[in-house]
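Heads up: the sequence shown begins at 0 in numbering that gives the first Met the number 0, then just goes up one per residue.
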Amino acid sequence: MTHCDCCERQLDDDDIQWAFDNPLCDDCFSETYTYCVSCDCTLGRDEAYYENDDPYCYNCYEDNTDSHAPNDPPVDDTDRELIIHLSNNWLAGKSNFKYPLKINHNDFQLPELKSKTGLIDKSIYVYGLVDRDEYQLRATTDLFNLISQYVTLNNWDVKLTNEATGIGRLGISRELRENRADELVEMLHSIINQTDPTTK
């Protein structure tokens with residue numbers, strides 16, 4: 000007759016749990032040992048590596064995790080809105096697209112500006128400018144006239160300059176991002192969706 004190595008309880012052959020070469024009862028086995036969810040090998044509970052409460056042996060844990068893998072990218076409400084918009088269009092067989100603002104997520108206030116702006120009809124890259132006396136807005140040629148017209152018609156006291164290279168790029172000073180975010184959202188919708196800037 001076989002006995003449990005821990006509690007000495009007498010075991011029938013079909014009640015034995017083996018931990019390496021040691022016979023154990025169910026209770027003693029469950030208290031001390033578990034199985035790797037990946038390869039099913041037996042391992043001590045205190046030696047297991049846990050992920051989402053699932054036990055792994057060392058090798059399986061190392062195979063499933065990569066310390067050099069990048070973190071997940073930031074996903075905000077605008078990104079979710081874009082995914083839903085694209086999915087709905089695909090399901091309906093449509094190919095009209097809308098875009099979120101492209102931004103540098105490290106620039107002050109730009110993630111908030113992107114979220115407030117939502118999806119727009121054209122792809123545009125908005126970046127941060129340091130505050131300077133020469134200008135507060137900097138736009139590529141394709142946006143310059145629209146922004147200039149909007150600024151004039153809405154009596155904005157801002158200095159605008161032309162960025163000679165590229166298309167669909169707009170630089171915004173920190174002071175404007177910090178103090179006039181709602182007005183910037185209105186301007187972006189007006190110029191990008193090509194509405195009349197005088198109708199607000």
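Glycine included, C-beta positions come from ideal geometry on N, C-alpha and C. These numbers come from a predicted model, not from an experiment.
What residue range does the beta strand (DSSP E) around residue i cover?
i, result
"Pro99", "Here Pro99 belongs to no beta strand (DSSP E), and DSSP marks it neither H nor E."
"Ile123", "Where Ile123 is concerned, there is no enclosing beta strand (DSSP E), given that its DSSP letter is neither H nor E."
"Asp53", "53 to 55"
"Asn21", "21 to 23"
"Glu162", "159 to 162"
"Glu7", "Element bounds for Glu7: n/a, residue is neither H nor E."
Checking 9 Å against the spacing of the C-beta atoms, do residue i and residue j come in under that value?
i, j, result
"Ile102", "Tyr126", "yes"
"Leu175", "Ile119", "no"
"Pro54", "Thr31", "no"
"Leu159", "Arg137", "yes"
"Asp14", "Cys27", "no"
"Ile123", "Leu142", "yes"
"Leu183", "Ile191", "no"
"Ala163", "Gln108", "no"
Could you have a look at residue i and say whether DSSP puts it in helix, strand or coil?
i, result
"Thr64", "coil"
"Ala138", "strand"
"His104", "coil"
"Ile171", "strand"
"Glu182", "helix"
"Ala18", "strand"
"Glu111", "helix"
"Leu42", "strand"
"Leu145", "helix"
"Leu128", "strand"
"Ser189", "helix"
Assign residue i to one of two classes, buried (16 or more other C-beta atoms within 10 Å of its C-beta) or exposed (fewer than that).
i, result
"Lys93", "exposed"
"Val129", "exposed"
"Ser189", "buried"
"Leu90", "exposed"
"Tyr49", "exposed"
"Val150", "buried"
"Cys59", "buried"
At the level of alpha carbons, what is the spacing between residue i and residue j?
i, j, result
"Leu81", "Lys97", "7 Å"
"Arg8", "Tyr57", "32 Å"
"Asp11", "Asn51", "35 Å"
"Thr41", "Asp76", "44 Å"
"Gly165", "Thr139", "6 Å"
"Phe38", "Asp62", "In the sequence on display, residue 38 carries Cys and not Phe. For Cys38 and Asp62, the distance between alpha carbons rounds to 11 Å."
"Pro22", "Asp4", "6 Å"
"Leu100", "Ser114", "9 Å"
"Gly167", "Asn161", "12 Å"
At which residues does the alpha helix (DSSP H) containing residue i begin and terminate?
i, result
"Glu133", "Where Glu133 is concerned, there is no enclosing alpha helix (DSSP H), given that its DSSP letter is neither H nor E."
"Glu80", "76 to 91"
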